[in-house]
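As they're listed, the protein sequences go chains F and V. Counting from 1 along the first sequence, just add 858 to a position and that's the residue number in the numbering used here. Each step along the second sequence adds one to the number in the numbering used here, with nothing skipped, and position 111 is 96. We put the CB at the ideal spot given by N, CA and C, even for glycine. These figures come from a predicted structure and were not determined experimentally.
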Amino acid sequence: MTQSGKIVQDPVRVERAEWKRQQTKARLQQLLTIVSPVLLLVLWEVLSRTGVMDIRFFPPPTAILQTFWELLVSGAIAEHVGVSLYRIALGFLAGVIPGIIIGLMMGLFTPIRHFVSPLVMALMPIPTLALLPIIIILFGIGDLSKVITIAGSVFFPVVINTAAGVLNIDKIYLDVANNYGASKSQFFFKIALPGALPVMLEGIQMGQAIALLTIVAAEMMGATSGIGYLIWTSYKAFLLQNMFVGLIMISFFGYLFSLLLRGLQKKLLPWR
Amino acid sequence: MPPKIEINDLTKVFVKKTGSVTALQNISMTIEDGEFVCLVGPSGCGKTTLLRILAGLEKHSAGNFKINAEQSKRPLQSMVFQEKGILPWMTVEDNVAFGLAMRKAPKDIIAKQTAYYLEKTGLTQFASLYPSELSGGMKQRVSIARAFANDPEILLMDEPFAALDEQNKFILQEELLSIWAETKKTVLFITHSIDEALMLSDRILLMSAQPGQIIQEVRIDRPRPRKIEEIRKDPELAAQFVDIWQHLQKEVQKSRT
Ligand SMILES: Nc1ncnc2c1ncn2[C@@H]1O[C@H](COP(=O)(O)OP(=O)(O)O)[C@@H](O)[C@H]1O
Ligand SMILES: [Mg+2]
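Written out as C-alpha cells, the structure is:
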C-alpha cells in the first residue's frame, strides 16, 4: 500500500521485527563468549598435534584431559586439591576476619586510624611471599606456614577497603543517624556496616584472588602436598601434562570462588 | 501557650584557613505552635546553617534557642533532608520507620505509624522497594513520611522540593499541606522559591545575604489550599511577591559587590 509515495507499514510489526533483530544480536554476542575459549582450545590442539607448537611444553588439551582423568581416578587430585582448599579456607578467614575488624575500627575511630594506617601503609607493599623463607623457618613446612602466608596477603586489601568503605559513607547519612537519635550500636549496625559493605566486599573479592595466587607460590617453595606442590613437582619431573592439570584446577577454583562471592554480594546487597 | 520555637540573638561563625565567616548574625525569632513558617533568602545566607543548629547537627557560637516540648517522650525535632537523605540499604518501609526504630518505640506503634504515613504519602504499594527503584518525588515522600512518623515537636525542612520538577513539586506541596493540616505540627521550611513560600506558609521570614539576618516578615492570611494561579492573580499577594522579590534582588546584588 502506498500513500503519497511512502510505504505505509504496521508500526507494531516494524517494532517487533526490530525487537527480534536485537534479540538475535544479543544471543550471537552470548555465543561469542563461549566461542573464544573453545576456539583457543581447538587451535592449541591442532598446533600441538601438527608440531607447530612444541608438544613437550604444550601438550594437546586432549592429552591433558586424559592425564586429568588418570589423576582423578588415582585420587591424587582429591588429595592435593583437598589440602590446598583447606589451607585457602583457613588462610582466607584468618586474613579476612582481622581485616574487617581492624578496618572497621580504623574507619570508625579517627585516633585508631591515625595510629594504625602508617603501619598498614608501610607493611602493605612487602609481598608476603618474600617473607616465606622466614615463615617456613618459624612455622615449618606444614599447613600453618601456608595459612599464615595466605592470611598475610589477604589481610591488606580487606583492611584497606573496609576502612575506605566506612570513610566514604556519604556525610548526609551520618546527619540522618544523628538527627534521628541513633545510639552508637544502632549507628554501627544500621549505618556504618551496611554503608561500608559494598566496598568491603570488593576488598574481600580481591583477597580471594590473592589467596589463590599465594597458595600456589607458597606450596611451590616448601610443601609436600597441594596444588602448588603438584605443579612444581610435575614441572621438575618434566611431566607438563600434570602441571597443566594443576593450572587448570587453579583456574577452575578461581572462577568458582568469584561466582560464589558474586552470589554472596547479591545476597548481602539487595539494594544495589 | 509559650511559643514553640524561641531563638534569641543566635550567631554562628565558621573559622576556616582563609579567615572566618559570620554565617548568622543575631538571629531572633519566635514561631508559634502549629505555625508553618518559610525562611526565604539568597543562597549562602545561612539558612541551612540555622536549620542544622536547630536540628542539633551544628553548634551555635553565641545566643540561644529553645524548642518547647509538649510531651516529654516526643523527640524535639525531625529533619526532612534532601532526596539523598534516605538510606539506600533500607526498604521504603524501614526508612519510614527509622526514627521510631532508633528510639526503640514499641513494635506495634512502629507498625501502625509507619503504615499510616506510608498510606498518607501514597507509598503503601512501594513499601518493600529500595530507594534506588524510586523516582525523585517518591524518595522525597519517604523523607517526609519518615519525619512525620517520628512524631516530633517540630519539623525542619531544608529545600525538600528543590530537586523536583514543577508538577511533582506542586503535588508534594499539596500532600505536605494536607498532612500538616491534620497533624498541626510546627514547621520551619527553607526555600529560595517565593512561589513556594507563598503557597505554603502562614508567615515568611526574609533573610539578608551574609551575614544572615532576618530583615523582613510577611504574614500570609489566605485559606489553604491555595492555587498558584490564584496567588499570581491576587493583587495583594502579587504586591507581596514583588516586595519580597525586590528584597531578594537587593540582597543578591549586595552580596555580589
Ligand atoms: N561547615 C562549614 N564550614 C565553613 N563554612 C560553612 C560551613 N557551612 C556553611 N558555611 C558557610 O556559611 C555560609 C552559609 O551557608 P549555608 O547555611 O549553607 O547557606 P544557605 O543554606 O542559605 O545557602 C556560607 O558562606 C557557607 O560557605
Ligand atoms: Mg542551603
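Chain V partners of residue 1033 (chain F), CB-CB under 9 Å? Position 175 of the first sequence, counted from the first residue, corresponds to residue 1033 (chain F). Ordered by position in chain V, the residues that pass the 9 Å Cβ test against residue 1033 (chain F) are 37, 40, 42, 64, 66, 70.
Secondary structure at residue 875 (chain F), three-state DSSP: helix, strand or coil? Counting from one through the first sequence, the residue named residue 875 (chain F) turns up at place 17. Correct three-state label for residue 875 (chain F): helix.
Check the Cβ-Cβ distances between residue 84 (chain V) and every residue of chain F, and say whether any is below 8 Å. For the purposes of this step, residue 84 (chain V) is taken as the residue at position 99 of the second sequence. It does: the Cβ of residue 84 (chain V) has a partner Cβ on chain F nearer than 8 Å.
At least one CB of chain F closer than 8 Å to the CB of residue 113 (chain V): is that the case? For the purposes of this step, residue 113 (chain V) is taken as the residue at position 128 of the second sequence. Taking Cβ atoms only, chain F never reaches closer than 8 Å to residue 113 (chain V), which makes this a no.
Run the proximity test for residue -1 (chain V): is its beta-carbon closer than 7 Å to any non-hydrogen atom belonging to ligand 1? Taking the second sequence and counting its residues from 1, one reaches residue -1 (chain V) at position 14. Result yes, Cβ under 7 Å from ligand 1.
What do you reckon, are the CB atoms on residue 1016 (chain F) and residue 970 (chain F) nearer than 8 Å? For this step, residue 1016 (chain F) is matched to residue 158 along the first sequence. For this step, residue 970 (chain F) is matched to residue 112 along the first sequence. No, they are not a contact pair.
Extent of the continuous beta strand (DSSP E) run through residue 117 (chain V): Locating residue 117 (chain V) in the second sequence gives position 132, counting from the first residue. No beta strand (DSSP E) contains residue 117 (chain V), which DSSP labels as neither H nor E.
Within the region 1091 to 1130 of chain F, ranges of the alpha helix (DSSP H) (whole runs, at least 4 residues): 1098 to 1126
Measure from the C-beta of residue 74 (chain V) to each C-beta in chain F and report whether the shortest distance is under 8 Å. Looking up residue 74 (chain V) in the second sequence gives position 89. Yes - at least one Cβ of chain F is within 8 Å of the one on residue 74 (chain V).
Report the rounded CA-to-CA distance for residue 1075 (chain F) versus residue 916 (chain F), giving the unit in angstroms. Position 217 of the first sequence, counted from the start, is the residue given in the question as residue 1075 (chain F). Position 58 of the first sequence, counted from the start, is the residue given in the question as residue 916 (chain F). Approximately 21 Å between the Cα atoms of the pair.
Output the residue ranges of the beta strand (DSSP E) runs that lie fully inside the region 127 to 179 of chain V and measure 3 residues or longer, sorted by chain position. 139 to 143, 171 to 176
Which residues in chain F have a C-beta closer than 7 Å to the C-beta of residue 60 (chain V)? List them in chain order. As a first step, residue 60 (chain V) must be located in the second sequence, where it is residue number 75. Those are 1039, listed as they occur along chain F.
Kindly list the residues whose CB is nearer than 6 Å to the CB of residue 163 (chain V), restricted to its own chain and excluding five residues on each side of it in sequence; keep chain order. Taking the first residue of the second sequence as 1, we reach residue 163 (chain V) at position 178. There are no such residues.
Where are the alpha helix (DSSP H) runs, 4 residues long or more, that stay fully inside the region 65 to 116 of chain V, in chain order? 77 to 81, 83 to 87, 92 to 105
Using alpha carbons as the reference points, say which of F:903, F:925, F:1020, F:955 lies closest to residue 964 (chain F). Working through the first sequence from its first residue, we reach residue 964 (chain F) at position 106. Out of F:903, F:925, F:1020, F:955, F:1020 has the C-alpha closest to the C-alpha of residue 964 (chain F).
Report the CB separation of residue 1053 (chain F) from residue 1027 (chain F) in whole angstroms; it is logged as a contact under 8 Å. Here residue 1053 (chain F) refers to the residue found at position 195 of the first sequence. Here residue 1027 (chain F) refers to the residue found at position 169 of the first sequence. Indeed, because the Cβ distance is near 4 Å, the residues count as touching under 8 Å.
Could you tell me whether any non-hydrogen atom of ligand 2 is closer than 7 Å to the CB of residue 256 (chain V)? It is not possible to answer for residue 256 (chain V), since the shown part of chain V is limited to -14 through 242.
Compute the distance between the beta-carbons of residue 128 (chain V) and residue 65 (chain V), then report whether it is under 8 Å. By 1-based counting over the second sequence, the position of residue 128 (chain V) is 143. By 1-based counting over the second sequence, the position of residue 65 (chain V) is 80. The answer is yes: Cβ separation under 8 Å.
Tell me whether residue 41 (chain V), by its Cβ, gets closer than 7 Å to a heavy atom of ligand 1. As a first step, residue 41 (chain V) is located in the second sequence; it is residue number 56 there, counting from the start. Because no heavy atom of ligand 1 lies under 7 Å away, the Cβ of residue 41 (chain V) does not count as near it: no.
Name, going along the chain, the residues of the region 1040 to 1054 of chain F whose beta-carbon falls closer than 8 Å to a beta-carbon of chain V. 1040, 1041, 1044, 1048, 1049, 1052, 1053
Starting from the Cα of residue 187 (chain V), find the closest Cα among V:19, V:125, V:239, V:-3 and give me that residue. Taking the first residue of the second sequence as position 1, residue 187 (chain V) is located at position 202. When each option's Cα is compared against that of residue 187 (chain V), the closest is V:19.
From V:67, V:166, V:93, pick the residue whose C-alpha is nearest to that of residue 185 (chain V); which is it? Mapped onto the second sequence, residue 185 (chain V) falls at position 200. Of the listed residues, the one whose Cα sits closest to residue 185 (chain V) is V:166.
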